[in-house]
Amino acid sequence: MKFMLIMRATDETMAAFENVDFNEVIAVMGRFNEEMINAGVMVGGEGLDPQDPGVVVDYSGETPVVSDGPYGETKELFNGFWMLEVASKEEAVEWAKRAPLQGPGSKMEIRRVTGVDEFPQDNEWVQKEKVWREQLGTA
33 MKFMLIMRAT DETMAAFENV DFNEVIAVMG RFNEEMINAG VMVGGEGLDP QDPGVVVDYS
93 GETPVVSDGP YGETKELFNG FWMLEVASKE EAVEWAKRAP LQGPGSKMEI RRVTGVDEFP
153 QDNEWVQKEK VWREQLGTA
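Following my numbering, the numbering of the sequence shown begins with 33 at its first residue and continues without gaps.
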């Protein structure tokens with residue numbers, strides 16, 4: 033099973049890390065990544081640039097509306113993620129509990145990633161998706 037561990041932070045979390053040596057942060061994250069790679073569970077992971085606010089595309093109306101993001105109404109930011117291939121949600125939770133994240137407002141959301149094999153296999157688009165993934169080497 034695949035799970036995405038989503039790092040979330042608040043303004044308070046970001047402020048707490050302003051005076052932390054960035055090289056130290058990278059080293060701590062690197063050790064955690066290495067641990068997951070050596071255990072054979074890490075599929076991927078990336079961080080998101082906190083300086084670039086990005087945009088949000090809202091599909092609520094007839095036409096999509098683009099606004100500055102992420103989600104101006106909330107103080108929680110999605111600031112990075114890990115993709116894990118593990119046997120269960122419980123195993124994903126155990127890895128999340130070991131993540132080197134601490135401080136005020138720091139949270140981790142865990143979401144199962146659904147695979148193409150979980151959709152109706154007789155669907156034309158699901159069949160095309162499988163072919164595309166094979167061609168890209170991501171099947």
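Yeah, the Cβ is synthetic: ideal placement off N, Cα and C, and Gly gets one too.
Since this is a predicted model, take the numbers as computed values, not measurements.
* Among residues of its own chain, excluding the 5 on either side of Pro-136, which ones have a beta-carbon nearer than 8 Å to its beta-carbon? -> So the qualifying residues of the chain are Thr-42, Glu-44, Thr-45 and Ala-48.
* Nearest-angstrom Cα separation, counted from Glu-78 out to Ile-142 -> Going by the C-alpha atoms only, they are around 15 Å apart.
* Which residue's Cα is closest to the Cα of Leu-109: Pro-96, Val-87 and Lys-121? -> Comparing Cα-Cα distances from Leu-109 to each of Pro-96, Val-87 and Lys-121, the minimum goes to Val-87.
* Asked: From this set, Met-33, Phe-35 and Arg-40, which residue's C-alpha is nearest Ser-21's C-alpha?
  -> There is no way to answer for residue 21, as the model of the chain reaches only from 33 to 171.
* **Distance cut-off 7 Å: Glu-126 Cβ against heavy atoms of the ligand GTP** => Looking for the ligand GTP in the displayed structure turns up nothing, as the structure carries no ligands at all.
* To do: May I ask you to report which of helix, strand or coil DSSP gives Gly-104?
  => The predicted model places Gly-104 with a pLDDT of 49, which falls under 50 and marks its position as unreliable; any figure quoted below should be read in that light. DSSP, read as helix, strand or coil, puts Gly-104 in coil.
* Asked: Given 8 Å as the limit, is there contact between the region 143 to 157 and the region 49 to 66, that is, 3 or more CB pairs closer than that?
  -> In this structure the region 143 to 157 does not lie against the region 49 to 66, because fewer than three pairs of beta carbons, one per stretch, are closer than 8 Å.
* Would DSSP call Phe-110 helix, strand or coil? -> Taken through DSSP and simplified to helix, strand or coil, Phe-110 comes out as strand.
* Determine the contact status of Pro-152 and Met-61, defining contact as a CB-CB distance below 8 Å. => No, Cβ-Cβ distance for Pro-152 and Met-61 is not below 8 Å.
* To do: Name, in chain order, the residues that DSSP records as bridge partners for Ser-99.
  => Assignment of beta-bridge partners to Ser-99 by DSSP yields Val-88.
* Which stretch, first to last residue, makes up the alpha helix (DSSP H) that contains Phe-64? -> Phe-64 -> alpha helix (DSSP H) spans 54 to 71.
* To do: Using the Cα positions of Met-115 and Val-125, report the straight-line distance between them to the nearest angstrom.
  => Near 13 Å, if we compare the C-alpha coordinates of Val-125 and Met-115.
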